[in-house]
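Numbering (the UniProt record's numbering), first residue to last: 1 to 195. Think of the CB as a built atom: it goes at the ideal place given N, C-alpha and C, for glycine as much as any other residue. Note that the structure is predicted; figures quoted are calculated from it, not measured.
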């Protein structure tokens, strides 16, 4: 899309505000189910930013993969966990320590951003890259797949196995917690609730 600079800025502000509100909602909402659905808003708001940057295929992949698959996986995992949707636990020492670390890291990041002389940072077009056409692969997707399954197979396969183990472990823990909750309910309270 070829848009004027002011329209670009307005669109990006709307997109980034959607990302910010969705991200804050994930962290701050007390209902776990609502927090599980809000990454879908974040992923959906990231997709138009790729459209503004003329990367249509990346925007489509963002919607299909992240909204269509990853967010559905997150919602499914939350539905399996049987987490109560009540108020959160009261604040304790661990929360205070985490807050101090969070504020410290945020302050460090802000100081680094403000301390950087952005005029000295070279953009890619000003760097002296010389790539001949003969060096570029003829089919980037084919070359990426080849490299992934030959050169990078050692880190790729253990990572996929680790992700599978983590998913199976999370589901197993959630099922065991659900069984433990059901076992703790005394039989007399079940009889009163059914009548």
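| Check | Outcome |
| --- | --- |
| Express the C-alpha separation of residue 151 and residue 141 in angstroms, rounding to a whole number. | 15 Å |
| Go through its chain and collect everything with a Cβ distance to residue 41's Cβ below 6 Å, but skip five positions before and after it. | 22 |
| Check whether the stretch 23-38 touches the stretch 62-70, taking contact to mean three or more Cβ pairs, one atom from each stretch, closer than 8 Å. | no |
| Alpha carbon to alpha carbon, how far is residue 93 from residue 81? Give it in angstroms, no decimals. | 26 Å |
| Helix, strand or coil: which one does DSSP assign to residue 172? | helix |
| Among the candidates 6, 73, 57 and 20, whose CA atom is the shortest distance from the CA of residue 33? | 73 |
| Assuming residue 52 and residue 91 make a contact with CB atoms under 8 Å, what is their CB distance in whole Å? | Not confirmed; about 40 Å, so no contact. |
| Whose C-beta lies closer than 7 Å to the C-beta of residue 8 among residues of the same chain, with five residues either side of it excluded? | 52 |
| Taking the straight line between their C-alpha atoms, what separation do you get for residue 147 and residue 153? | 8 Å |
| With a Cβ-Cβ cutoff of 8 Å, do residue 46 and residue 62 count as a contact? | yes |
| Can you look up residue 274 in the DSSP assignment and give me helix, strand or coil? | This structure cannot speak to residue 274, because the chain is shown only from 1 to 195. |
| Taking only the alpha-carbon atoms, compute the straight-line gap between residue 57 and residue 19 and give it to the nearest angstrom. | 20 Å |
| When the Cα of residue 49 is compared with those of 95, 96, 39 and 15, which residue comes out closest? | 15 |
| Can you look up residue 120 in the DSSP assignment and give me helix, strand or coil? | coil |
| Tell me the rounded alpha-carbon separation between residue 54 and residue 161. | 35 Å |
| Going by the CB atoms, is the gap between residue 78 and residue 36 shorter than 8 Å? | yes |
| Pull up the distance between the alpha-carbon of residue 219 and that of residue 156, whole angstroms please. | The structure shown has nothing for residue 219, since the chain only spans 1 to 195. |
| How far does the alpha helix (DSSP H) with residue 150 in it extend, from its first residue to its last? | First-last for residue 150: undefined, no H or E at that position. |
| Is residue 56 near the ligand ADP, with its Cβ less than 7 Å from a heavy atom? | Among the ligands in the structure shown, none appear at all, so the ligand ADP cannot be discussed. |
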